[in-house]
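There are 2 protein chains.
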Amino acid sequence: MRADIEFIPRQGPFRKGEGKVFVVIDVLRATTTIIEALSNGCTEVIPVVTVDEAFSLAKTLPGEETLIGGERGGLKVDGFDLGNSPREYTRDFVSGKRVVLTTTNGTKALQSVAGCEHVIVAGFTNAHGVVQRCTTLQADPVMVPAGKKGRFSLEDVVCGGMMMDLLEREGVALTDGARASRILYKAFAPNLLEMARTCEHGQELIRLGLDEDLAFCVRTNVSSCVPVFKKGSVRLD
Amino acid sequence: MRADIEFIPRQGPFRKGEGKVFVVIDVLRATTTIIEALSNGCTEVIPVVTVDEAFSLAKTLPGEETLIGGERGGLKVDGFDLGNSPREYTRDFVSGKRVVLTTTNGTKALQSVAGCEHVIVAGFTNAHGVVQRCTTLQADPVMVPAGKKGRFSLEDVVCGGMMMDLLEREGVALTDGARASRILYKAFAPNLLEMARTCEHGQELIRLGLDEDLAFCVRTNVSSCVPVFKKGSVRLD
Chain S
44 MRADIEFIPR QGPFRKGEGK VFVVIDVLRA TTTIIEALSN GCTEVIPVVT VDEAFSLAKT
104 LPGEETLIGG ERGGLKVDGF DLGNSPREYT RDFVSGKRVV LTTTNGTKAL QSVAGCEHVI
164 VAGFTNAHGV VQRCTTLQAD PVMVPAGKKG RFSLEDVVCG GMMMDLLERE GVALTDGARA
224 SRILYKAFAP NLLEMARTCE HGQELIRLGL DEDLAFCVRT NVSSCVPVFK KGSVRLD
Chain L
44 MRADIEFIPR QGPFRKGEGK VFVVIDVLRA TTTIIEALSN GCTEVIPVVT VDEAFSLAKT
104 LPGEETLIGG ERGGLKVDGF DLGNSPREYT RDFVSGKRVV LTTTNGTKAL QSVAGCEHVI
164 VAGFTNAHGV VQRCTTLQAD PVMVPAGKKG RFSLEDVVCG GMMMDLLERE GVALTDGARA
224 SRILYKAFAP NLLEMARTCE HGQELIRLGL DEDLAFCVRT NVSSCVPVFK KGSVRLD
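Quick look at the structure:
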């Protein structure tokens with residue numbers, strides 16, 4: 044096994060990815076939100092790219108069990124039930140419900156690997172479980188940071204680096220990129236919250252008054268859920 | 044001023060890049076070779092993408108003052124005067140001569156920013172001079188690692204990180220990506236040769252018997268030359 048990481052989001056969909064498991068990471072905040080929702084009894088999350096798609100898809104689904112969530116510019120969209128703060132996705136709110144989700148970067152990253160055999164949703168909160176799943180699958184892990192509007196996202200690469208650190212302990216070989224992400228994780232591991240507060244995306248969330256999300260998103264090993272993206276839907280399998 | 048780095052080579056040419064200075068880095072070995080050639084009295088280096096282009100362009104130029112150099116698979120191409128080892132580009136050989144150069148990654152990286160106003164060629168050997176030039180220009184530096192067949196190249200990102208370290212000392216702000224490359228540089232700075240020997244590209248060169256190139260390419264601050272790429276040609280301006 045050999046683990047790799049994409050530093051910058053790719054344009055267009057991935058190739059089929061035989062023998063690989065793609066691990067999509069959008070720490071701030073889409074994948075952390077998905078993990079939280081499914082951990083709290085949400086039945087499935089359906090990621091869509093546009094706000095229009097979210098509304099039209101939701102119309103075709105049973106209203107009493109369907110919620111629409113997500114953000115534009117970091118804030119809840121008018122008419123949505125939920126924003127993109129994982130703290131909103133409580134058991135009271137999401138248990139037994141399906142969520143149609145659209146966010147600026149995370150749902151696009153998921154769509155870029157739609158159709159690949161193995162796609163897992165990861166964040167700091169479930170990184171340990173994701174690594175266990177990767178080693179069980181015996182497929183080569185490829186970390187896919189969601190980035191920020193097509194650019195490098197420090198928090199996602201650092202989270203990928205945390206999983207590289209765990210994978211290396213399991214004897215998995217690392218590419219140069221994977222080694223680099225592990226070094227970045229090691230540099231920030233003593234204070235992940237400080238990393239989240241000083242990175243470009245974190246600064247933007249702080250300006251929007253969403254600083255509490257940062258501490259929530261950098262907690263490690265708090266969920267054993269390993270959400271799987273298959274046939275357009277993210278579920279616990 | 045704000046400095047950024049592209050982690051993965053872009054497909055297709057850059058946008059115009061107004062107010063920016065692009066710094067192309069292919070430590071192993073194209074940009075180190077260009078710096079060495081120009082430091083030793085070579086009049087200009089003309090980067091071309093294919094071997095055929097190299098031969099046909101050279102035919103149109105005065106034979107006695109034109110050399111063809113470069114590699115495929117790391118080795119000199121049949122019929123070329125020089126390979127891609129900077130150690131070949133001695134004063135005896137290149138002084139007063141023009142070199143038509145084609146390499147697997149470096150010349151492609153240069154073509155990706157052809158047409159931009161400011162394009163500089165950098166490696167560890169001239170990093171200090173390049174940083175000085177960037178601060179004089181007062182344009183936002185964008186490091187462009189050549190990568191390896193479209194993938195992440197550790198040695199180029201670490202070299203970019205060295206320049207980020209110097210730029211930060213000059214008061215230049217760093218993007219998240221620039222910060223990350225600086226951290227990677229700091230991790231490897233105590234032993235750049237070890238980094239070069241263990242990275243994927245270095246391993247390949249060692250297999251080809253080109254290990255002496257590694258030590259040559261990671262020397263720092265040995266050339267004050269700042270090659271500039273303009274109108275298809277790299278020269279000292």
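Chains as they are written, first to last, in our numbering: chain S, 44 to 280; chain L, 44 to 280. For every residue, glycine included, the Cβ atom is placed at its ideal position computed from N, Cα and C. All values derive from a computational prediction rather than experimental measurement.
_I'd like the span of the beta strand (DSSP E) that includes S:A46, first residue to last._
45-48
Q) Between the segment 184-214 of chain S and chain L, which residues of the former have CB atoms less than 8 Å from a CB of the latter, in chain order? A) R194, F195, S196, L197, V200
_So S:C242 contacts chain L; which residues on that side make the cut at Cβ distance below 7 Å?_
D219
*Taking Cβ positions, are L:S128 and L:L253 nearer each other than 9 Å?*
yes
Look up S:D183 in the DSSP assignment and say whether it is helix, strand or coil.
-> strand
Contact belief for L:T86 with L:G139 at Cβ below 8 Å, rounded distance in angstroms
6 Å
Proximity below 9 Å, CB of S:P188 to CB of S:D199: yes
_Per DSSP, the bridge partner or partners of L:T109_ = L:R141
Worksheet item: Does any residue of chain L bring its CB to less than 9 Å from the CB of S:I78?
Response: no
Checklist entry - How would you call S:K151, buried or exposed, if buried means at least 16 neighbouring beta carbons within 10 angstroms? => result buried
Return the bridge partner residues of S:H161 from the DSSP annotation. S:V64
>> Report the CB separation of L:S276 from L:I89 in whole angstroms; it is logged as a contact under 8 Å.
In response: 5 Å
With 16 other Cβ atoms within 10 Å as the buried cut-off, status of S:R134:
exposed
Check: For S:A182 versus S:V143, is the C-beta distance shorter than 9 Å?
Finding: no
> Beta-carbon separation of L:T75 and L:F259 under 9 Å?
Replying inline: yes
- [ ] Answer with yes or no whether the minimum CB distance from S:L227 to chain L is below 9 Å.
- [x] yes
| request: Kindly indicate which residue of L:I68, L:T93, L:V215, L:C159 has the alpha-carbon position closest to the one of L:A46. | output: L:V215
Quiz item: Under the three-state reduction of DSSP, which class applies to S:F272: helix, strand or coil?
Solution: strand
So that I know if they touch, is there some Cβ in chain L lying closer than 9 Å to that of S:E247? no
Could one say the Cβ of S:E87 lies closer than 9 Å to chain L's Cβ atoms, at least one of them? no
Check: Which two residues bound the contiguous beta strand (DSSP E) that contains S:E87?
Finding: 87-90
Requested in this report: Just tell me which of S:A221, S:P52, S:F65 has its CA closest to the CA of S:N148.
Outcome: S:P52
Q | Whole-angstrom C-beta distance between S:F272 and L:D219, which should lie under 8 Å | A | Going by Cβ atoms, the distance from L:D219 to S:F272 rounds to 26 Å, so no, they are not a contact pair.
**Prompt:** Does any residue of chain L bring its CB to less than 9 Å from the CB of S:I297?
**Reply:** Examination of residue 297 of chain S is not possible in this model, given that chain S is present from 44 through 280 alone.
Could you name the residues of chain L that S:F98 contacts, counting a contact when the two beta carbons are closer than 9 Å? Under the 9 Å cutoff, chain L gives no residues; its nearest Cβ is about 33 Å from S:F98.
Between L:I77 and L:V164, is the Cβ-Cβ spacing less than 9 Å? yes
| said: Just to make sure I have the definition right: I need the residues of chain S whose C-beta is within less than 7 Å of the C-beta of L:F50. Which are they? | reply: F50, I51, F195
| If you compare alpha carbons, which of L:T146, L:E131, L:G172, L:T109 is closest to L:G116? | L:T146
Reducing DSSP to helix, strand and coil, say where S:P188 ends up. strand
- Could you check which residue in S:L236, S:E237, S:R212 has the C-alpha nearest to that of S:R225? S:R212
- For S:K119, the three-state DSSP class (helix, strand or coil): strand
- Query: So is S:S155 buried or exposed if we call it buried at 16+ other beta carbons inside 10 Å?
  - Reply: buried
So, using beta-carbon positions, are L:L197 and L:H244 closer together than 9 Å?
-> yes
- prompt: Could you give the distance in angstroms between the alpha-carbon of S:N169 and the alpha-carbon of S:L81?
  reply: 12 Å
Looking at the secondary structure, which residues open and close the alpha helix (DSSP H) in which S:C260 lies? 254-260
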